[in-house]
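What follows is a set of notes on a single structure, which appears directly below.
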Amino acid sequence: MYEMNAIILCGGQGIRLRPLTADIPKPLVPVRGRPIIDFIIEFLRNQNVTDITIAGGYLVEKLVQHFHDDEHVKVIDTGDCDIIDRLKLLLDDDANETLVLYGDTLSDVNLVDLLSAHHKSKCEATVTVWPLKSSFGVFDIDEASCVINYAEKPELDKWINIGYFVLSKSAISALGQFKTFEEFLTSLTSRRQLHAFQHRGIHITINSRAELEEAESELIC
1 MYEMNAIILC GGQGIRLRPL TADIPKPLVP VRGRPIIDFI IEFLRNQNVT
51 DITIAGGYLV EKLVQHFHDD EHVKVIDTGD CDIIDRLKLL LDDDANETLV
101 LYGDTLSDVN LVDLLSAHHK SKCEATVTVW PLKSSFGVFD IDEASCVINY
151 AEKPELDKWI NIGYFVLSKS AISALGQFKT FEEFLTSLTS RRQLHAFQHR
201 GIHITINSRA ELEEAESELI C
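And the structure:
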């Protein structure tokens with residue numbers, strides 16, 4: 001059993017998913033008949049994480065209703081604010097190591113490996129990253145404008161943030177110094193205290209109708 005908390009960030013309005021999010025928050029939008037958030041909760045429980053808090057905001061009462069009979073999931077109204085303010089509301093200086101993940105992202109990150117990498121790095125925080133992939137076919141061209149290589153939507157030499165942050169006690173105690181989560185991450189980076197856990201497995205972020213359709217086609221229930 002992991003001796004840590006998990007916080008799922010679920011406060012956004014999901015504007016790009018309208019009209020689906022006109023009456024429900026984005027985490028309750030169904031994928032193959034199941035709300036996004038249910039996949040995330042199942043993912044955590046399958047990896048033995050049971051102390052789960054949902055940081056809600058937009059239409060939070062719908063999330064409260066959804067989990068009203070689940071004693072292992074707490075839904076807290078954190079209002080309309082930056083990620084760091086949500087974390088400040090939920091974590092104090094005495095909080096233990098905490099996993100923070102997005103409420104619109106599905107993945108198969110191995111949490112044992114993630115935590116092991118975090119502890120081995122000795123950094124204050126770890127972020128899970130995924131290879132950036134081109135949306136287009138890419139050509140390599142020589143000096144004579146002759147195509148010498150072609151790759152269809154290749155991985156690029158960059159990584160994107162997909163969440164699954166691990167925050168150590170020292171990182172949590174420093175949250176109060178910053179106004180935005182971006183400032184917090186920038187500070188960690190400048191001090192070489194942010195470790196990147198490289199994940200190459202499943203990653204589906206659902207921010208738009210197109211991404212929802214992609215999730216419907218890719219996800220195996």
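Note that full-length UniProt numbering numbers the sequence shown so that position 95 is 95, with each residue one more than the last.
The beta-carbon is built from N, C-alpha and C at its ideal position, and this holds for glycine as well.
Rounded straight-line distance, which links the Cα of residue j to that of residue i
i: Arg-18; j: Lys-88; result: 29 angstroms
i: Gly-103; j: Asp-140; result: 38 angstroms
i: Leu-106; j: Ala-125; result: 21 angstroms
i: Asn-46; j: Thr-189; result: 31 angstroms
i: Ile-160; j: Pro-25; result: 24 angstroms
i: Phe-165; j: Ile-202; result: 17 angstroms
i: Ile-172; j: Asp-92; result: 7 angstroms
i: His-72; j: Glu-182; result: 30 angstroms
i: Arg-34; j: Cys-146; result: 49 angstroms
i: Arg-200; j: Asp-82; result: 28 angstroms
i: Ile-15; j: Ile-36; result: 16 angstroms
i: Leu-175; j: Asp-23; result: 33 angstroms
i: Phe-178; j: Leu-90; result: 15 angstroms
i: His-195; j: Leu-114; result: 10 angstroms
i: Ile-70; j: Val-129; result: It is Asp, not Ile, that sits at residue 70 in the sequence shown. For Asp-70 and Val-129, the distance between alpha carbons rounds to 31 angstroms.
i: Asp-157; j: Gln-198; result: 13 angstroms
i: Ile-52; j: Lys-74; result: 6 angstroms
i: Gly-12; j: Val-49; result: 24 angstroms
Residue i, buried or exposed, once every other Cβ within 10 Å from all chains shown has been counted against 16
i: Cys-123; result: buried
i: Glu-97; result: buried
i: Asp-85; result: buried
i: Thr-78; result: buried
i: Ile-148; result: exposed
i: Ala-6; result: buried
i: Glu-215; result: Glu is not the amino acid found at residue 215; the sequence shown has Ala there. Burial call: buried.
i: Thr-21; result: buried
i: Ser-217; result: exposed
i: His-118; result: buried
i: Pro-27; result: buried
i: Met-1; result: Annotation note: pLDDT 48 at Met-1 (below 50); position unreliable, no value reported.
i: Ser-170; result: exposed
i: Asp-80; result: exposed
i: Ser-116; result: exposed
i: Ala-68; result: It is worth fixing the name first, because residue 68 is His in this sequence and not Ala. Classification of His-68: exposed, given that the 10 Å Cβ count is below 16.
Range covered by the beta strand (DSSP E) that runs through residue i
i: Ile-8; result: 5 to 10
i: Asn-149; result: 147 to 152
i: Ala-125; result: 125 to 133
i: Phe-139; result: 137 to 141
Three or more C-beta pairs below 8 angstroms linking the segment 126 to 135 and the segment 52 to 65: no
Scan the segment 44 to 113 and note each continuous alpha helix (DSSP H) run of 4 residues or more that stays entirely inside, going in chain order. 60 to 66 and 83 to 90
Contiguous beta strand (DSSP E) assignments of at least 3 residues, all confined to the segment 165 to 212: 165 to 167, 194 to 198 and 203 to 205
With a threshold of 8 angstroms, are at least 3 pairs of Cβ atoms found where one atom belongs to the segment 209 to 218 and the other to the segment 108 to 115? no
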